[in-house]
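Here's the structure, in structure tokens; my notes come after.
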Amino acid sequence: MRLGIDLGGTKTEAVILGDDGSIIWRKRQPTPQLDYKAIITTISQLITDAADEAGFTGPVGMGIPGSINPSDGTVHGASTQVLNGQNLK
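Following this note's numbering, the numbering of the sequence shown begins with 21 at its first residue and continues without gaps.
Structure follows, in structure tokens:
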């Protein structure tokens, strides 16, 4: 199993896929606006929910609305402005 998180400007969605690519579990939350700590809390809660509700313990991948500078882990060019300059490495 794998957990993927899509951090978007309006929603943050987590999906667990089985080894065959089938959707095992899915949950969506509104993305908090203008509050970096609340965004991190939302991501953390989705991972906790995946563990509690579906028994997930595997790897996590995440897509974000921007890019991460490989040298320092900071976000650049994010459409969700509060992410810019933050470290998500």
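C-beta atoms are modelled at their ideal positions from N, C-alpha and C, and glycine is treated no differently. For clarity, every value in this text was computed on a predicted model and none was experimentally measured.
Run through the DSSP bridge pairs and tell me what residue i is partnered with.
i	result
Asp26	Glu33 and Gly83
Ile43	Leu37
Pro50	Lys31
Asn107	Thr94
Taking 8 Å as the line, does the beta carbon of residue i fall inside it for any heavy atom of the ligand NAD?
i	result
Glu73	With respect to the ligand NAD, the structure shown offers nothing to examine, as it has no ligands at all.
Measuring alpha carbon to alpha carbon, tell me which of the options ends up nearest residue i.
i	options	result
Asp40	Arg22, Pro52 and Pro90	Arg22
Gly78	Pro90, His96 and Ala70	Ala70
Arg46	Ile67, Gly29 and Pro52	Ile67
Leu27	Arg48, Ile43 and Asp92	Arg48
Gly29	Ile84, Asp72 and Ser91	Ile84
Asn89	Ser42, Leu103 and Glu33	Leu103
When you compare only the Cα positions, how much space is there between residue i and residue j?
i	j	result
Lys31	Pro50	4 Å
Gly24	Phe76	12 Å
Ser64	Ser91	24 Å
Leu54	Gln101	8 Å
Gly38	Met82	17 Å
Could you name the residues of the same chain whose beta carbon sits closer than 8 Å to that of residue i, not counting the 5 residues immediately before and after it, in chain order?
i	result
Gln106	Tyr56, Thr94 and Val95
Taking 7 Å as the limit between beta carbons, can you name the residues of its chain near residue i, skipping five residues before and five after?
i	result
Pro52	Ala58, Ile59 and Thr62
Excluding sequence positions up to five away, which residues of its chain have a Cβ less than 6 Å from the Cβ of residue i?
i	result
Ser99	Gly29 and Pro85
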